[in-house]
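Down below is the structure, laid out as structure tokens.
Protein chains: 4
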Amino acid sequence: MFIYFRSMRTKDDIKQEALFEATVKLVNEIGFAASSVAKIAKEAGISPATIYVYYKNKEDLLVSTYLEIKQNLGKALGQNIDDTTPIRDTLKQVWFNMFDHIRAHPNHFHYTEQFANSPFSSLVNKKEIEKYFEPLIMVIMRGIEQKIIKNVDDNILRAFIVHPIVVLSNERLCQDFEASPDNIETAFSLAWDAIKL
Amino acid sequence: MFIYFRSMRTKDDIKQEALFEATVKLVNEIGFAASSVAKIAKEAGISPATIYVYYKNKEDLLVSTYLEIKQNLGKALGQNIDDTTPIRDTLKQVWFNMFDHIRAHPNHFHYTEQFANSPFSSLVNKKEIEKYFEPLIMVIMRGIEQKIIKNVDDNILRAFIVHPIVVLSNERLCQDFEASPDNIETAFSLAWDAIKL
Amino acid sequence: MFIYFRSMRTKDDIKQEALFEATVKLVNEIGFAASSVAKIAKEAGISPATIYVYYKNKEDLLVSTYLEIKQNLGKALGQNIDDTTPIRDTLKQVWFNMFDHIRAHPNHFHYTEQFANSPFSSLVNKKEIEKYFEPLIMVIMRGIEQKIIKNVDDNILRAFIVHPIVVLSNERLCQDFEASPDNIETAFSLAWDAIKL
Amino acid sequence: MFIYFRSMRTKDDIKQEALFEATVKLVNEIGFAASSVAKIAKEAGISPATIYVYYKNKEDLLVSTYLEIKQNLGKALGQNIDDTTPIRDTLKQVWFNMFDHIRAHPNHFHYTEQFANSPFSSLVNKKEIEKYFEPLIMVIMRGIEQKIIKNVDDNILRAFIVHPIVVLSNERLCQDFEASPDNIETAFSLAWDAIKL
DNA sequence: GATGAATGAGTGTTCATTCAT
DNA sequence: CATGAATGAACACTCATTCAT
Numbered sequence: 002m003f004i005y006f007r008s009m010r011t012k013d014d015i016k017q018e019a020l021f022e023a024t025v026k027l028v029n030e031i032g033f034a035a036s037s038v039a040k041i042a043k044e045a046g047i048s049p050a051t052i053y054v055y056y057k058n059k060e061d062l063l064v065s066t067y068l069e070i071k072q073n074l075g076k077a078l079g080q081n082i083d084d085t086t087p088i089r090d091t092l093k094q095v096w097f098n099m100f101d102h103i104r105a106h107p108n109h110f111h112y113t114e115q116f117a118n119s120p121f122s123s124l125v126n127k128k129e130i131e132k133y134f135e136p137l138i139m140v141i142m143r144g145i146e147q148k149i150i151k152n153v154d155d156n157i158l159r160a161f162i163v164h165p166i167v168v169l170s171n172e173r174l175c176q177d178f179e180a181s182p183d184n185i186e187t188a189f190s191l192a193w194d195a196i197k198l
Numbered sequence: 002m003f004i005y006f007r008s009m010r011t012k013d014d015i016k017q018e019a020l021f022e023a024t025v026k027l028v029n030e031i032g033f034a035a036s037s038v039a040k041i042a043k044e045a046g047i048s049p050a051t052i053y054v055y056y057k058n059k060e061d062l063l064v065s066t067y068l069e070i071k072q073n074l075g076k077a078l079g080q081n082i083d084d085t086t087p088i089r090d091t092l093k094q095v096w097f098n099m100f101d102h103i104r105a106h107p108n109h110f111h112y113t114e115q116f117a118n119s120p121f122s123s124l125v126n127k128k129e130i131e132k133y134f135e136p137l138i139m140v141i142m143r144g145i146e147q148k149i150i151k152n153v154d155d156n157i158l159r160a161f162i163v164h165p166i167v168v169l170s171n172e173r174l175c176q177d178f179e180a181s182p183d184n185i186e187t188a189f190s191l192a193w194d195a196i197k198l
Numbered sequence: 002m003f004i005y006f007r008s009m010r011t012k013d014d015i016k017q018e019a020l021f022e023a024t025v026k027l028v029n030e031i032g033f034a035a036s037s038v039a040k041i042a043k044e045a046g047i048s049p050a051t052i053y054v055y056y057k058n059k060e061d062l063l064v065s066t067y068l069e070i071k072q073n074l075g076k077a078l079g080q081n082i083d084d085t086t087p088i089r090d091t092l093k094q095v096w097f098n099m100f101d102h103i104r105a106h107p108n109h110f111h112y113t114e115q116f117a118n119s120p121f122s123s124l125v126n127k128k129e130i131e132k133y134f135e136p137l138i139m140v141i142m143r144g145i146e147q148k149i150i151k152n153v154d155d156n157i158l159r160a161f162i163v164h165p166i167v168v169l170s171n172e173r174l175c176q177d178f179e180a181s182p183d184n185i186e187t188a189f190s191l192a193w194d195a196i197k198l
Numbered sequence: 002m003f004i005y006f007r008s009m010r011t012k013d014d015i016k017q018e019a020l021f022e023a024t025v026k027l028v029n030e031i032g033f034a035a036s037s038v039a040k041i042a043k044e045a046g047i048s049p050a051t052i053y054v055y056y057k058n059k060e061d062l063l064v065s066t067y068l069e070i071k072q073n074l075g076k077a078l079g080q081n082i083d084d085t086t087p088i089r090d091t092l093k094q095v096w097f098n099m100f101d102h103i104r105a106h107p108n109h110f111h112y113t114e115q116f117a118n119s120p121f122s123s124l125v126n127k128k129e130i131e132k133y134f135e136p137l138i139m140v141i142m143r144g145i146e147q148k149i150i151k152n153v154d155d156n157i158l159r160a161f162i163v164h165p166i167v168v169l170s171n172e173r174l175c176q177d178f179e180a181s182p183d184n185i186e187t188a189f190s191l192a193w194d195a196i197k198l
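Residue numbers (my numbering), protein chains in the order written: chain A, 2 to 198; chain B, 2 to 198; chain C, 2 to 198; chain D, 2 to 198.
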């Protein structure tokens with residue numbers, strides 16, 4: 002009976018998963034612009050026509066893949082966080098969560114970087130993406146209220162508490178950076194110095 | 002006859018300049034992936050075949066355009082800087098130089114952002130690019146030596162003293178950020194807090 | 002159990018009827034060439050695969066639809082006709098029958114016009130179609146025998162007593178023609194003048 | 002020098018002519034819907050990509066081909082006509098002109114029939130086409146004014162004086178009709194009987 | 001130096017049809 | 001009986017690049 006259920010696992014899921022992995026892998030290997038439908042299909046071991054059984058078109062495939070990755074990242078960020086912990090410790094936890102997640106899924110991260118600079122980028126609802134990162138935003142707001150964090154423009158704060166992680170994780174920008182716990186901790190202390198009052 | 006030669010030489014330069022502008026403009030308007038040789042040629046008012054008189058191929062055109070922009074940025078960064086000024090003031094000058102340059106040439110900046118995430122990115126010699134930014138690097142090194150700036154990994158320092166400008170200037174990342182002198186000054190104070198000892 | 006079988010048979014008929022209507026509707030709306038199997042199936046509310054339960058292939062579906070329409074037209078033409086009525090009155094009755102039928106089923110008519118100019122046209126047996134129009138042909142032959150109608154080539158007679166109706170009913174050819182009873186009667190008088198001795 | 006001029010005949014014209022002929026030939030042989038860009042290119046002995054050097058897209062190729070044929074037909078219709086000839090004789094001349102032209106270019110005629118029932122048909126300006134047939138229209142109007150031709154709806158008159166030619170020339174509609182001078186003359190006499198007062 | 005013409009290779013996408021369920 | 005899944009073949013079209021002039 003168990004085996005029956007396993008075999009019932011619809012081909013849907015298998016193919017769709019293969020497509021997701023193939024898409025991410027190919028974008029990592031040959032870049033976004035060069036990742037054609039035909040090549041993705043070949044990598045996934047299916048016919049190009051089959052992609053259109055699962056997705057409306059290429060855009061749908063790429064955007065869906067992006068959203069899934071972003072959602073997973075959002076989930077990972079909010080782990081092991083509670084309201085009772087001091088602001089600094091909470092931010093540090095988020096900081097490490099992000100580094101850990103990116104190191105565990107480097108090519109997922111690379112995919113999002115590529116996607117964000119592609120023409121498809123404008124098709125995703127930024128507000129919806131931001132939803133995934135609400136926990137982080139809330140902590141920062143609490144810090145401002147408690148006069149622990151500088152009360153400056155949101156964008157500026159994020160440029161120092163979020164983007165440095167992105168930059169340091171980006172192989173293209175920081176080719177020789179070793180993401181050791183020490184280095185990550187050091188980087189966080191700079192970020193904290195930047196935003197703390 | 003002399004005039005003929007003169008006009009021939011002039012024409013060259015005009016064409017090459019037109020190509021540069023057309024390339025940057027088109028990448029800004031329709032994105033990197035959609036900027037085909039044919040469209041660039043049309044925008045520049047020349048035949049696609051003529052591009053191959055000036056550049057070996059499309060890659061050469063795009064990379065050359067990138068390098069020229071980067072070189073100009075490097076030059077702009079080093080302006081009004083001398084060894085006698087205090088480290089903080091020097092860095093602040095560089096910081097404002099960069100903001101001013103990006104605001105004066107927003108689509109040059111946008112081009113480099115697009116280029117950096119294209120498949121052509123890997124073709125440029127990073128070391129050569131870094132050369133353009135030597136003045137900035139020297140100042141930071143002096144700061145470390147003088148125990149004014151934290152003695153940490155290069156990449157980390159740059160993530161806080163260079164990339165925040167890039168992030169804040171990127172319309173996609175900071176859609177609603179107003180690059181007012183006040184905001185830029187504030188952002189610099191955070192950057193300085195991050196790296197100063 | 003009995004009811005079950007009944008409902009199964011009914012369902013068949015419903016599907017086939019839905020397919021007929023969907024085919025005609027789609028050809029009217031998007032044209033013959035653009036009417037794919039997938040779209041017809043969607044319009045009929047069934048799976049594309051189901052079409053192949055009822056028809057051998059696309060060609061079979063389209064040809065069958067054509068033949069059914071033609072048969073209905075043939076039946077309509079022969080209504081209210083008998084041998085005792087004078088030739089002219091009989092022809093006039095047929096003439097009006099045809100106009101009435103076309104106006105009652107404009108998209109059936111449009112379908113046949115589209116079909117006739119499609120690659121599938123050559124697949125239908127012209128003789129079989131002609132069978133449907135035997136009554137009309139018989140009247141004309143009687144008219145010739147009775148020396149009331151000119152004794153000329155069949156094709157010529159038909160070009161004046163049948164095709165004018167088709168032409169005048171064709172929206173593409175006669176965009177601004179109003180098929181009022183007066184106009185139809187007038188048109189018939191021209192047709193009669195053409196063929197009468 | 003003559004040879005020089007001959008060799009100067011731009012490749013343009015040769016290819017464009019080949020494309021015209023290939024398009025018409027293919028539509029005659031396999032029908033409008035089945036005439037793909039690739040097949041037309043192959044028939045013309047060029048690469049599919051080359052078609053896009055001469056025409057904006059498939060639609061442009063097909064519409065241009067149609068317009069050229071229609072224009073030629075229009076020119077042919079108006080030959081050997083003057084205002085002094087009696088109405089009937091003039092119409093007869095036009096009638097024969099049309100038959101002659103269609104018989105001289107049967108596949109040009111077949112192409113227009115196919116085109117008119119294609120989705121591209123709606124893209125041509127009907128008024129512009131009608132311009133080509135102005136001479137014929139003028140003669141009919143003169144006939145009405147002189148009370149020689151019945152004063153009825155334009156569409157009706159055309160259904161009897163123009164379309165019979167089209168019908169009789171259409172192999173699909175009149176498979177076994179022999180377009181002998183006698184038959185054409187006979188057909189004209191029916192047409193005249195239809196429209197004359 | 002400059003280009004119009006030409007193209008093989010590729011693009012994303014839809015097609016009619018089959019088949020296991 | 002009915003269908004979701006799957007696909008090879010075809011579709012219209014664009015690509016970067018070459019070459020004769």
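Ideal placement from N, C-alpha and C gives every residue a C-beta, glycine not left out.
| said: 8 angstroms is my cut-off, CB to CB: does D:Asn156 come that close to chain C? | reply: One-based indexing of the fourth sequence puts residue 156 of chain D at position 155. It does; some Cβ of chain C falls within 8 angstroms.
| task | List the whole-angstrom C-beta distance separating B:Asn184 from A:Asp61, where the pair is believed to meet the contact cut-off of C-beta under 8 angstroms. | result | Counting from one through the second sequence, the residue named residue 184 of chain B turns up at place 183. Counting from one through the first sequence, the residue named residue 61 of chain A turns up at place 60. No, B:Asn184 and A:Asp61 are not in contact; Cβ-Cβ is about 38 angstroms, not under 8 angstroms.
| field | Interface residues of chain D facing C:Val168 [CB-CB closer than 7 angstroms] | value | Numbered from its first residue, the third sequence carries residue 168 of chain C at position 167. Going along chain D in sequence order, the residues near C:Val168 (Cβ under 7 angstroms) are Ala160 and His164.
| Can D:Gln94 and D:Phe33 be called in contact, C-beta distance under 8 angstroms? | Against the fourth sequence, residue 94 of chain D aligns to sequence position 93. Against the fourth sequence, residue 33 of chain D aligns to sequence position 32. Not closer than 8 angstroms, so no.
| query | So, using beta-carbon positions, are C:Ala42 and C:Thr51 closer together than 8 angstroms? | reply | Indexing the third sequence from 1 puts residue 42 of chain C at position 41. Indexing the third sequence from 1 puts residue 51 of chain C at position 50. Yes; because the gap between Cβ atoms is below 8 angstroms, this pair is in contact.
| query | By Cβ distance, which residues of its chain are closer than 7 angstroms to C:Gly200, with the 5 residues on each side in sequence left out? | reply | Nothing about residue 200 of chain C can be reported from this structure: the residues present for chain C run from 2 to 198 only.
| task | Below 8 angstroms between beta carbons is the criterion; list the residues of the stretch 112-129 of chain A that meet it against any residue of chain B, in chain order. | result | Along the stretch 112-129 of chain A, the positions whose C-beta sits under 8 angstroms from a C-beta of chain B are Glu114, Gln115, Ala117, Asn118, Ser119, Pro120, Ser122 and Lys127, read in chain order.
| Selected residue, minimal CA-CA separation from A:Ala188, among A:Val168, A:Leu124 and A:Ile141 | Mapped onto the first sequence, residue 188 of chain A falls at position 187. Ranking A:Val168, A:Leu124 and A:Ile141 by Cα distance to A:Ala188 puts A:Val168 first.
| Going along chain C in order, which residues have a C-beta closer than 9 angstroms to the C-beta of D:Thr187? | The count along the fourth sequence starts at 1 and reaches residue 187 of chain D at position 186. Residues of chain C passing the Cβ test: Lys151, Val153, Asp154 and Ile157.
| field | C-alpha distance - C:Asn126 paired with C:Asn58, whole-angstrom precision | value | Here residue 126 of chain C refers to the residue found at position 125 when the third sequence is read from its first residue. Here residue 58 of chain C refers to the residue found at position 57 when the third sequence is read from its first residue. Straight through space, the alpha carbons of C:Asn58 and C:Asn126 are spaced by roughly 18 angstroms.
| request: For chain D, find out if any of its Cβ atoms is closer than 8 angstroms to the Cβ of C:Ala195; answer yes or no. | output: Within the third sequence, numbered from 1, the residue matching residue 195 of chain C stands at position 194. Interface residue, yes.
| When DSSP builds the beta bridges, which residues end up paired with C:Lys40? | As a first step, residue 40 of chain C is located in the third sequence; it is residue number 39 there, counting from the start. Answer is none; C:Lys40 lacks a bridge partner.
| Can you name the residues of chain A whose CB is closer than 7 angstroms to the CB of B:Asn58? | For the purposes of this step, residue 58 of chain B is identified with residue 57 of the second sequence, where counting begins at 1. Within 7 angstroms Cβ-Cβ: nothing; B:Asn58 doesn't reach chain A, min ~16 angstroms.
| request: Kindly indicate if chain A contains any beta-carbon less than 8 angstroms away from that of B:Ala34. | output: Locating residue 34 of chain B in the second sequence gives position 33, where the first residue counts as 1. Closer than 8 angstroms to some Cβ of chain A, the Cβ of B:Ala34 qualifies, so yes.
| query | Quick one: does C:Ala39 have its CB under 8 angstroms from some CB of chain D? | reply | One-based indexing of the third sequence puts residue 39 of chain C at position 38. With 8 angstroms as the cut-off, C:Ala39 does not count as an interface residue toward chain D.
| First and last residue of the alpha helix (DSSP H) that includes D:Asp155? | Counting from one through the fourth sequence, the residue named residue 155 of chain D turns up at place 154. That run of the alpha helix (DSSP H) goes Asp155 to Ile162.
| task | Determine the burial state of C:Pro107: buried for a count of at least 16 other Cβ atoms within 10 Å of its Cβ, exposed for fewer. | result | Residue mapping note: residue 107 of chain C aligns to position 106 of the third sequence, counting from 1. C:Pro107 comes out exposed.
| query | Straight-line CA distance for B:Glu131 to B:Ser123? | reply | Your numbering for residue 131 of chain B matches position 130 in the second sequence. Your numbering for residue 123 of chain B matches position 122 in the second sequence. Those two C-alpha atoms are separated by around 14 angstroms.
| For C:Ile70, which residues from the same chain have a beta carbon less than 7 angstroms from its beta carbon, with the 5 sequence-adjacent residues on both sides left out? | Counted from its first residue, the third sequence places residue 70 of chain C at position 69. Cβ-Cβ distances below 7 angstroms link C:Ile70 to His109, Tyr112 and Thr113 in the same chain, with the five nearest sequence neighbours on each side left out; the list follows chain order.
| B:Ile145 (DSSP reduced to helix, strand or coil) | Taking the second sequence and counting its residues from 1, one reaches residue 145 of chain B at position 144. In this structure, B:Ile145 counts as helix in the three-state DSSP scheme.
| query | Does any C-beta atom of chain D lie closer than 8 angstroms to the C-beta of C:Arg7? | reply | Along the third sequence, one-based indexing puts residue 7 of chain C at 6. Confidence at C:Arg7 is low in this model, with a pLDDT of 43, below 50, so its placement is unreliable and no value can be given for it.
| query | Taking only beta-carbon atoms, is D:Phe134 less than 8 angstroms away from chain C? | reply | Translated into the one-based positions of the fourth sequence, residue 134 of chain D becomes position 133. Look at D:Phe134: its C-beta is not under 8 angstroms from any C-beta on chain C.
| field | Paired residues, beta bridge with A:Ile150 - DSSP | value | Position 149 of the first sequence holds residue 150 of chain A. Here A:Ile150 is bridged, per DSSP, to A:Lys197.
| request: Would you check if there are 3 or more beta carbon pairs closer than 8 angstroms linking the stretch 155-164 of chain B to the stretch 9-28 of chain C? | output: With a cut-off of 8 angstroms on Cβ pairs, the stretch 155-164 of chain B is not in contact with the stretch 9-28 of chain C, counting fewer than three such pairs.
| said: With a threshold of 8 angstroms between beta carbons, is C:Phe100 in contact with chain D? | reply: Stepping through the third sequence from its first residue, residue 100 of chain C is reached at position 99. No, C:Phe100 does not count as interfacial toward chain D.
| query | Between which two residues does the alpha helix (DSSP H) harbouring D:Ala105 extend? | reply | Taking the first residue of the fourth sequence as position 1, residue 105 of chain D is located at position 104. In this chain, the alpha helix (DSSP H) harbouring D:Ala105 covers Ile88 to Ala105.
| 9 angstroms Cβ cut-off: residues of chain D touching C:Phe110 | Translated into positions along the third sequence, residue 110 of chain C becomes position 109. Chain-ordered listing is empty here: chain D has no CB closer than 9 angstroms to the CB of C:Phe110, the nearest sitting near 13 angstroms.
| Applying the criterion that 16 or more other CB atoms from any shown protein chain within 10 Å of the CB defines a buried residue, is D:Met156 buried or exposed? | Translated into the one-based positions of the fourth sequence, residue 156 of chain D becomes position 155. Reading the sequence as shown, one finds Asn at residue 156 of chain D and not Met. Counting other Cβ atoms within 10 Å of its Cβ, D:Asn156 reaches 16 or more and is therefore classed as buried.
| Using 8 angstroms as the limit for Cβ to Cβ distance, is D:Phe21 near chain C? | In the fourth sequence, the residue the question calls residue 21 of chain D occupies position 20. So, not an interface residue.
| Can the beta-carbon of A:Ala192 be found less than 8 angstroms from the beta-carbon of A:Phe100? | Along the first sequence, one-based indexing puts residue 192 of chain A at 191. Along the first sequence, one-based indexing puts residue 100 of chain A at 99. No, these two residues do not count as a Cβ contact at 8 angstroms.
| Residues of chain A with CB under 8 angstroms from B:Phe97, in chain order? | Counting from one through the second sequence, the residue named residue 97 of chain B turns up at place 96. Near B:Phe97 there are no residues of chain A at all, since even the closest Cβ is about 15 angstroms away, more than 8 angstroms.
| Burial state of C:Ser1, where buried means 16 or more other Cβ atoms lie within 10 Å | Not covered by the structure: residue 1 of chain C. The range shown for chain C is 2 to 198.
| Helix, strand or coil for A:Gln72 per DSSP? | Numbered from its first residue, the first sequence carries residue 72 of chain A at position 71. In this structure, A:Gln72 counts as helix in the three-state DSSP scheme.
| query | Mind pulling the chain B residues with CB within less than 8 angstroms of A:Arg89? | reply | One-based indexing of the first sequence puts residue 89 of chain A at position 88. One finds nothing in chain B with a Cβ atom closer than 8 angstroms to the Cβ of A:Arg89; even the nearest lies about 15 angstroms away.
| Any idea if B:Asn207 is buried or exposed, counting beta-carbon neighbours within 10 angstroms, 16 or more meaning buried? | Past the edges of chain B, shown from 2 to 198, lies residue 207 of chain B, and the structure says nothing about it.
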